[in-house]
Amino acid sequence: MLSINDQAAVHIGPIGSSKVPKKFIKTIEDALQILAKSMRNDAECNASFIKLSGKKRFRELFDDPNIWLNYDPDNTGRLWGWVIPAGHPKDVVLSQYTLNMGRWTVAATIVHELAHLNGAPGAGSHEAELRVKECRMKSALGPYEPGVTG
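Position one of the sequence shown corresponds to residue 0 (numbering that gives the first Met the number 0), numbered consecutively onward.
Put into structure tokens, the structure is as follows:
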């Protein structure tokens with residue numbers, strides 16, 4: 000399973016990120032449980048991920064303990080999460096804003112960012128957010144956001 004860069008971890012994430020504060024650990028753990036129970040073995044979700052250029056199933060990424068979940072203190076709502084696939088292909092960064100929104104938003108953001116690590120383009124592309132939808136994280140209330148790009 001993905002690893003949380005908590006205070007006990009010996010991991011240095013990308014510049015601009017840090018260890019996850021203790022108050023957000025439970026939110027991330029709850030999000031990981033959602034993904035483990037509902038998406039990890041979902042055929043549609045895995046088929047969607049394998050279409051990306053990285054050719055990995057969601058399950059392969061989710062099960063990789065060398066992929067780390069890091070923290071960004073940004074709370075403006077501009078950033079939900081980010082990755083640097085070329086320089087840090089094993090790091091996902093979650094913003095404070097996202098962590099404050101709760102486990103479902105965190106789960107969706109993890110799916111989105113793992114899609115980028117698996118080859119979904121950034122910028123104006125909707126490919127990463129489409130994986131949130133295809134991993135069946137869609138309802139009238141979200142967390143899939145049809146307007147999200149990058």
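Glycine is no exception: its CB is placed at the ideal position from the N, C-alpha and C atoms.
Please classify ASP29: does DSSP put it in a helix, a strand, or coil? ASP29: helix per DSSP, three-state reduction.
Exposure of ASP71, with buried meaning 16 or more beta-carbon neighbours within 10 Å: buried
Burial state of VAL19 (16 or more Cβ within 10 Å): Looking at its Cβ environment, which holds 16 or more other Cβ atoms inside 10 Å, VAL19 is buried.
List the endpoints of the continuous alpha helix (DSSP H) containing SER47. 42–49
Can you check whether the CB of ALA106 is closer than 8 angstroms to the CB of ALA30? yes
With distance defined between alpha-carbon atoms, name the residue in LEU68, TYR96 and ASN65 nearest to GLY76. TYR96
Per the contact definition of three or more C-beta pairs closer than 8 angstroms, is the region 36–46 in contact with the region 87–95? No, because fewer than three Cβ pairs between the region 87–95 and the region 36–46 fall closer than 8 angstroms, the two stretches do not touch.
For the candidate residues MET136, ASN74, ALA85 and ALA46, whose alpha-carbon lies nearest to that of LEU116? ALA85
Taking only runs of the beta strand (DSSP E) that begin and end inside the region 59–115, which ones reach a length of at least 3 residues, in chain order? 67–71, 80–83 and 87–94
Own chain partners of TRP81 with C-beta closer than 6 angstroms, once the 5 adjacent residues on each side are dropped: VAL92
Go ahead and label SER47 buried or exposed: buried means 16 or more other beta carbons lie within 10 angstroms of its beta carbon, across all protein chains shown. buried
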